[in-house]
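Protein chains: 2
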Amino acid sequence: MEGFISGNDGEIKGLKDLKASLGDVDDFLNNNNAPSSSHDDDSKSPETTPPSAPLPPAAATTTTTTTSSASASSSDLSYFKAPTFIPDLISPAVSFRSLCRSSTHTGPTNGKCPGFLQCNLVVLRKEDAFDFLLFCQRNSKSCPIVDVCENGSFNPTGITKSSDLRTDLPAYNVYSNGKLVQGNLSDVRSLWPTDGVAFLLGCSFTFDHVLIANRISARHIEMKRNVSMYRTNLKCREAGRFKGNVVVTMRPVKGGDVAKVVTLSCKYPEAHGAPIHIGSPEDLGITDLSKPDWGDPVEVREGEVPVFHACGVTSQEVIMSSGVSFAITHSPGCMFVSDKIID
Amino acid sequence: MEGFISGNDGEIKGLKDLKASLGDVDDFLNNNNAPSSSHDDDSKSPETTPPSAPLPPAAATTTTTTTSSASASSSDLSYFKAPTFIPDLISPAVSFRSLCRSSTHTGPTNGKCPGFLQCNLVVLRKEDAFDFLLFCQRNSKSCPIVDVCENGSFNPTGITKSSDLRTDLPAYNVYSNGKLVQGNLSDVRSLWPTDGVAFLLGCSFTFDHVLIANRISARHIEMKRNVSMYRTNLKCREAGRFKGNVVVTMRPVKGGDVAKVVTLSCKYPEAHGAPIHIGSPEDLGITDLSKPDWGDPVEVREGEVPVFHACGVTSQEVIMSSGVSFAITHSPGCMFVSDKIID
Chain A
1 MEGFISGNDG EIKGLKDLKA SLGDVDDFLN NNNAPSSSHD DDSKSPETTP PSAPLPPAAA
61 TTTTTTTSSA SASSSDLSYF KAPTFIPDLI SPAVSFRSLC RSSTHTGPTN GKCPGFLQCN
121 LVVLRKEDAF DFLLFCQRNS KSCPIVDVCE NGSFNPTGIT KSSDLRTDLP AYNVYSNGKL
181 VQGNLSDVRS LWPTDGVAFL LGCSFTFDHV LIANRISARH IEMKRNVSMY RTNLKCREAG
241 RFKGNVVVTM RPVKGGDVAK VVTLSCKYPE AHGAPIHIGS PEDLGITDLS KPDWGDPVEV
301 REGEVPVFHA CGVTSQEVIM SSGVSFAITH SPGCMFVSDK IID
Chain B
1 MEGFISGNDG EIKGLKDLKA SLGDVDDFLN NNNAPSSSHD DDSKSPETTP PSAPLPPAAA
61 TTTTTTTSSA SASSSDLSYF KAPTFIPDLI SPAVSFRSLC RSSTHTGPTN GKCPGFLQCN
121 LVVLRKEDAF DFLLFCQRNS KSCPIVDVCE NGSFNPTGIT KSSDLRTDLP AYNVYSNGKL
181 VQGNLSDVRS LWPTDGVAFL LGCSFTFDHV LIANRISARH IEMKRNVSMY RTNLKCREAG
241 RFKGNVVVTM RPVKGGDVAK VVTLSCKYPE AHGAPIHIGS PEDLGITDLS KPDWGDPVEV
301 REGEVPVFHA CGVTSQEVIM SSGVSFAITH SPGCMFVSDK IID
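Sequences listed follow chains A and B, in order.
If you read the first sequence in UniProt numbering, its first letter stands for residue 1, the second for the next number, and so on.
If you read the second sequence in UniProt numbering, its first letter stands for residue 1, the second for the next number, and so on.
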């Protein structure tokens, strides 16, 4: 069954397992394919709004920054390898974004919408856009670009049929002069710069359900926690003003499963691909696994090895290290769920 | 044996076949590993200068646009996954660039330095750099970025230990307001903009020796001609002012070898990867294979199927279609040979 035709890799991508796209990981494990819009909200945010009082749909949102490209949908796309978004197949992602838009879901997205590409968000002023795009190109293991919006647009037409990046994530951070000035906002419509350029970078949550389907534990999902993230001592390749260190996620994996995690995750280069380090956290400058720099600590059990994947929060570490004048990002772990079906 | 550690894909890359890096394809086929600096020049350009009168080495070239990054060599590189260029392994590429620098080699590079990544060159003014970088990111099948120099620099430190993009290609084109105004220049030092941004895009010549090693004919190399290139009716995804159609190369392949060409070339995504079309040139809007838009025609024999790979000359088609104010590029088929060893 054909789900999504990718823009760049020349392969027609199918849908390996339709079940995997029709619910969250609990559903997936239980073979219970209830629509994702009926999921319980596991967020603890005080900003949660009842589902009965949603915001208007993104397409009807009033804004002064709408551009022609902002309203483009896949029906307008006629370029070579333009994606095709089939409504029946993308409905779990569309429904989940609707829950985020209404602030019904305001927490981490690990385990949500398995089978869909999840993304980090970075929004910068136009003046910083070239250097950041080059930074991502040079550090694609940490910052794999999956789409970039036209200047001023908030609808990434390469990975969704229709969405609004200003409302469709569970939670946002705002940085000013390299400092986090606001965290866990549920709506950034009033802050979005008129010349803002939005970058979407793949996230390793994208392949968690593949690990689970192969009987490899995803501890952060089991424990209903955010994944553990750490700043490392590995320097990124600089680009213009952008510099900083690689951030990693950590998953505890049984020794007998480590090779399987490598061979499975390397199939998803848009979601960081293979791990960059296995075992010996001290080599990365990580002194205490129980004290992550972002996210929650998770239990590392006897016989388990810490497996480190590059993480898109590298972009936020770099925004801070580089003293960037203004940036909007997702809140770590609270990703943008796209319509792009992975296989 | 470890040759080159790639910057982005997280894999330590080895050197599959050292022989393949030590000569040109004729040597490779004949198991004669003479240093490439002794190769006969097959160029017909009147600009050819005797090897006895070379230009000074790139590092000693006098220039007013040198920046600190322009003189960076791999010994300065300390970032995560920074490449390591081992002098004994990269010497064929270094020698070949020296032949280009002295205008001893001024023709196509197909068959030269097998085992090394060959690249298209595009140099633009800073004002066009973001849109073009985004264009490449959106059309990575045609324009796979392998390195981008710092503003004003002409030394791509991600793929060479030391080089000068203004002299180290066999031949250059210059475009003004979307029109080709000068072709087959052997040196563009006097034309390089002080704010120029140089982009290197992978080329399918990179994997020709792999096809040959698998007993698949590379007709353009057999016939000592440039590859055939055609403008297609496939639209690229636009980015800012950049728009245009996909350009393809064509290789005639026996029916029994077509699948092998797919499975072999797909291993080289930085060099366009798998073909984008096989057979039926009319589907691409190509009416006469014997009249390529760039390069030379090659014989298509009974029982052979035309196999089309995306081509980096897409970037030159796009420069023309978009009316870009100023650009320097390689002359089609006359590529930049990098120090990056593929495996």
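For every residue, glycine included, the Cβ atom is placed at its ideal position computed from N, Cα and C.
Check, Outcome
"Could you check whether the Cβ of B/V305 sits closer than 8 Å to any Cβ belonging to chain A?", "no"
"Using the Cα positions of A/C143 and B/E302, report the straight-line distance between them to the nearest angstrom.", "47 Å"
"In the structure shown, what three-state DSSP assignment does B/A239 receive?", "strand"
"Answer yes if the segment 313–326 of chain B comes into contact with the segment 176–186 of chain B, meaning at least three C-beta pairs across the two stretches below 8 Å, and no otherwise.", "yes"
"Quick one: what does DSSP say A/C136 is sitting in, helix, strand or coil?", "helix"
"Would you list the residues sitting across from B/L180 in a DSSP beta bridge?", "B/Y175"
"Between A/K235 and chain B, is the shortest Cβ-Cβ distance under 8 Å, so that the two count as touching?", "yes"
"For A/P170, count the other beta carbons within 10 Å of its own beta carbon; 16 or more makes it buried, fewer makes it exposed. Which is it?", "buried"
"Going by CA-CA distance only, name the one from B/T263, B/S140, B/C100, B/S103 that's closest to B/G312.", "B/S140"
"Is it the case that the Cβ atoms of A/P306 and A/G279 are separated by a distance below 8 Å?", "yes"
"From B/C113 to B/T287, what distance separates their C-alpha atoms?", "33 Å"
"I want to see whether chain B comes within less than 8 Å of A/S78, judged by CB atoms only; does it?", "yes"
"Please state whether DSSP places B/D190 in a helix, a strand or coil.", "The amino acid occupying residue 190 of chain B in the given sequence is Ser; Asp does not appear at that position. Coil."
"Start and end of the alpha helix (DSSP H) containing B/A213?", "208–213"
"Which residues in chain B have a C-beta closer than 8 Å to the C-beta of A/Q118? List them in chain order.", "Result: empty, since nearest Cβ-Cβ is about 19 Å, beyond 8 Å."
"Give the DSSP bridge partners of A/I278, in chain order.", "A/V307"
"Could you please give me the residues that DSSP links to A/P252 through a beta bridge?", "A/P306"
"How many Å lie between B/G152 and B/L200 at the Cα?", "14 Å"
"Three-state secondary structure (DSSP) at A/S162?", "coil"
"Measuring straight from C-alpha to C-alpha, what distance separates A/D128 and B/R225?", "44 Å"
"Which residues, in chain order, does the segment 105–135 of chain A contribute to contact with chain B at a C-beta distance below 7 Å?", "A129, F130, L133, L134"
"Could you work out which residue in B/E222, B/T249, B/I90, B/I221 is closest to B/T232 when comparing CA atoms only?", "B/T249"
"Can you name the residues that DSSP bridges to A/I328?", "A/V123, A/V174"
"Could you spell out the range, first to last residue, of the alpha helix (DSSP H) harbouring B/V197?", "Counting along the chain, B/V197 falls outside any alpha helix (DSSP H), though it belongs to the beta strand (DSSP E) covering 196–202."
"Just to confirm, is the Cβ distance from B/D293 to B/K161 under 8 Å?", "no"
"Comparing the C-beta of A/V148 with each C-beta of chain B, is any distance below 8 Å?", "yes"
"Under 8 Å: do the segment 261–277 of chain B and the segment 208–217 of chain B share three or more Cβ pairs, one atom per stretch?", "yes"
"For chain A, check one thing: does any of its Cβ atoms lie closer than 8 Å to the Cβ of B/I86?", "no"
"For A/K291, which of helix, strand or coil comes out of DSSP?", "coil"
"How would you label B/S315, buried or exposed, when you count the other beta carbons within 10 angstroms and need 16 or more for buried?", "buried"
"Does the beta-carbon distance from B/N120 to B/H220 come in below 8 Å?", "no"
"Where do the N-terminal and C-terminal ends of the alpha helix (DSSP H) with B/K340 fall, by residue?", "Segment 336–341 is the beta strand (DSSP E) holding B/K340; no alpha helix (DSSP H) there."
"A/V246 versus chain B: which residues are under 8 Å apart at the beta carbon?", "F80"
"Would you kindly work out how many angstroms separate the C-alpha atoms of A/M335 and A/K260, rounded to a whole number?", "25 Å"
"Closest to A/V253 by CA distance: which of A/E304, A/Y268, A/L284, A/K291 is it?", "A/E304"
"For A/K300, which beta-bridge partners are listed by DSSP?", "Position check: residue 300 of chain A holds Val in this sequence, whereas Lys was assumed. According to DSSP, which records beta bridges pairwise, A/V300 is partnered with nothing at all."
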